[in-house]
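If you're matching positions, the sequence shown starts at 7 in the numbering used here and goes up one per residue. Backbone N, C-alpha and C define an ideal beta-carbon position, used for all residues, glycine too. Note that the coordinates shown come from a computational prediction; the quantities given were computed from them, not determined experimentally. Presented below is the structure to which this report refers.
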Amino acid sequence: MAAESRRAEQAELAEINRVIESAIDSWGLSERVKRLSLSSYRYQEQDWDHLTFHVALDPQVVGVATWETADADDTPAGAGRALLLHGLYVNPQHQGRGVGTRLLQAAIDAARGGGFGGVLVKAHAKSQTFFANKGFDLLSITDPRRDYPYRYWRAIP
Numbered sequence: 007m008a009a010e011s012r013r014a015e016q017a018e019l020a021e022i023n024r025v026i027e028s029a030i031d032s033w034g035l036s037e038r039v040k041r042l043s044l045s046s047y048r049y050q051e052q053d054w055d056h057l058t059f060h061v062a063l064d065p066q067v068v069g070v071a072t073w074e075t076a077d078a079d080d081t082p083a084g085a086g087r088a089l090l091l092h093g094l095y096v097n098p099q100h101q102g103r104g105v106g107t108r109l110l111q112a113a114i115d116a117a118r119g120g121g122f123g124g125v126l127v128k129a130h131a132k133s134q135t136f137f138a139n140k141g142f143d144l145l146s147i148t149d150p151r152r153d154y155p156y157r158y159w160r161a162i163p
């Protein structure tokens, strides 16, 4: 498990993006797809204006979670304000050691502390089991043209 989990500092942006790149490398994408899509996954300095960044360290950055307020159209009816887990990435060498769980818990704690009704995740297809095992429920698709297929929800009591 990571030695520490805390709010990220903007000076750690390059380390954060290296973790994201290493995680994406483990997805089994073709080199062309990685080359074309990687830039859309990297965070920029201006992302600090609307996202909260949280990192896991061991001792360098080995995982990152980012979150923001979710769009009400993406959440279950009557859920109230929700936190959107924008991204959760763990260096593959540190996966299976509780790093992702620790970062997810930080997002859940932030939602609880911020008075949110729950946490919404638009999961990657390969991470569905992780979120299901953490108590998240798969949301049904009501509009196939709009709804992301792997939306998971966990209410915050």
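Bounds of the alpha helix (DSSP H) holding residue 37 are 37-47.
Check the Cα spacing between residue 132 and each of 23, 95, 149 and 114: the tightest is with 95. A direct Cα-Cα distance of roughly 44 Å separates residue 163 from residue 38. Counting along the chain, no beta strand (DSSP E) covers residue 137; the unbroken alpha helix (DSSP H) around it starts and ends at 134-139.
Residue pairing by DSSP leaves residue 156 without any beta bridge partner.
Just so you know, the alpha carbons of residue 76 and residue 13 end up roughly 19 Å apart.
Proximity of the region 66-76 to the region 107-118 meets the contact definition, three or more beta-carbon pairs being nearer than 8 Å. Under the three-state reduction of DSSP output, residue 115 falls in the helix class.
With the rule of 3 Cβ pairs closer than 8 Å, the region 80-87 does not count as touching the region 45-58. Burial state of residue 11 is buried, judged by a 10 Å Cβ sphere holding 16 or more other Cβ atoms. For residue 74, the closest C-alpha among the options 62, 16, 32 and 126 is that of 126.
In the DSSP assignment, residue 27 falls within the unbroken alpha helix (DSSP H) covering 19-31.
Taking 9 Å as the cut-off, the beta carbon of residue 139 is found no closer than this to the beta carbon of residue 25. A residue is called buried once 16 or more other Cβ atoms fall within 10 Å of its Cβ, and residue 158 is buried on that count.
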